[in-house]
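Heads up, the thing below is written out as structure tokens.
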Amino acid sequence: MRWLQFTANTQTSWGILEADRVIAVSGDPFGEWQRTARTYSLADVKIELPVMPRTFYCVGLNYLKHLKEAADKRGEVPNIPDRAEIGYRAQNALIAHDEDVVIPASATEKIHYEGELVVVIGKKAKHLSEADAMSCVFGYTIGNDVSERTWQKADRGLWRAKNVDTFKPMGPWIETSVDLEKMETIVKVNGNESNRFRTNDMIFGIKPFIVELTKYFTLWPGDVIWMGTDGASPDLKAGDVVEVEITGIGTLRNRFIKEPTAGNKRA
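Mapping the sequence shown onto numbering that gives the first Met the number 0, position 41 (from 1) lands on 40, and the numbers just tick up by one.
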């Protein structure tokens, strides 16, 4: 089942996507809900963020090729982690499918994409074992972890390199039934394939991360875990359109634009 949040006729609600039709529901998928009589063509609605998470978790260097490329750029020997490492991202960076990524006026040319599988939590969870880790998963969506690499290298933290407004597109909807072993992540820039990898070829899979997280934190419905990426990105510029497709989910598409300089901003 595919769940989305959408706006039609100025009203925002949850819906179920069936083929190219959106069926509005009352309630939400994390609690009680009911189909309504309102239906829309997908082409006639605005797709909103699938969820606004209470907590936005992320995974760093969780694919071998990406880990090796990062080490090579630093002139280091790759160091494969022995445990799941988890971080956070900021809610202000989240935008929906078809919304614009705004490149800050002060950014360098080192703007990169990272196409990622996103796990959406469906129920409250704490102290889960690996055997029952997946019991809290509601479904999956797609993320693009946009990054400014010069800032990432220069700063002590990732506060601006990863968390600039609009740097975290997510969507377009949540798919509740997927076959992780058959999934591929394909990234296109301006319609041309730029990267392709098996989505489930992670160093650490979903279960270990949920086990590690729930040792210390309570997961809540709507929380998300971004699972990392593989491969490398070209430098992106204003006007580029990046599409992240994951088999069985769909395609997340966003255009990149440049923030106006101070002298060109409207009063």
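Glycine included, every Cβ here is placed at the ideal spot set by N, Cα and C. Owing to the predicted nature of the structure, the values given are computational and were not obtained by experimental measurement.
For Thr-38, there is no enclosing alpha helix (DSSP H); the residue is part of the beta strand (DSSP E) that begins and ends at 32-40. Here the alpha carbons of Gly-59 and Leu-127 stand approximately 22 angstroms from one another. Scanning the region 3-89 from its first residue to its last, the whole beta strand (DSSP E) runs of 3-plus residues come out as 10-17, 20-26, 32-40, 55-58 and 85-87. Here Met-169 carries a strand assignment [DSSP, helix/strand/coil]. By the Cβ neighbour-count rule, Tyr-215 is exposed, with fewer than 16 other Cβ atoms within 10 Å of its own. The DSSP-derived three-state label of Ser-134 is helix. The secondary-structure analysis by DSSP pairs Ser-176 with nothing; it has no beta-bridge partner. The three-state reading of DSSP puts Ala-124 in strand, counting E and B together. Measuring C-alpha to C-alpha distances from Leu-116 to each of Val-21, Pro-259, Ala-124 and Gly-247 identifies Gly-247 as the nearest. In the structure shown, the three-state DSSP call for Ile-205 is helix.
Here Arg-254 is not near Val-243, since their CB atoms are 8 angstroms or more apart. Leu-212 carries a helical assignment under DSSP once its states are collapsed to helix, strand and coil. One Cα belongs to Leu-218, the other to Leu-212, and the distance between them is close to 8 angstroms. When the alpha-carbon of Ile-22 is set against those of Trp-32, Ala-36, Gly-30 and Pro-28, the nearest one is in Ala-36. Partner residues in the beta bridge of Ile-102, as assigned by DSSP, are Lys-257. For Arg-148, the uninterrupted alpha helix (DSSP H) segment begins and ends at 148-153. Here Arg-34 is exposed. Its C-beta has fewer than 16 other C-beta atoms within 10 Å. Considering only Asp-229, Tyr-112 and Gly-138, the residue with the shortest C-alpha distance to Arg-252 is Tyr-112.
In terms of Cβ geometry, Lys-161 and Asp-144 form a close pair [threshold 8 angstroms].
Taking a C-beta distance under 8 angstroms as the contact criterion, Val-44 and Ala-7 qualify as a contact pair. Under DSSP, Thr-184 shares a beta bridge with Phe-196 and Ile-245. A straight-line Cα-Cα distance of about 10 angstroms links Phe-196 and Lys-64. The continuous stretches of beta strand (DSSP E) do not include Val-145, and DSSP gives it neither H nor E.
Following the DSSP letters along the chain, one finds Val-163 in no beta strand (DSSP E), marked with neither H nor E. Just measuring C-alpha positions, the residue of Pro-28, Asp-19, Glu-47 and Leu-48 sitting nearest Thr-38 is Asp-19. Each of Arg-82, Thr-149, Glu-98 and Asp-131 was checked against the Cα of Gly-238, and the nearest Cα belongs to Glu-98.
Non-local beta-carbon contacts of Ile-256 in its own chain, meaning distances under 8 angstroms to residues more than five positions away in sequence, involve Asp-99, Val-100, Val-101, Ile-102, Ala-237 and Gly-238 in chain order. A direct Cα-Cα distance of roughly 6 angstroms separates Val-223 from Tyr-56.
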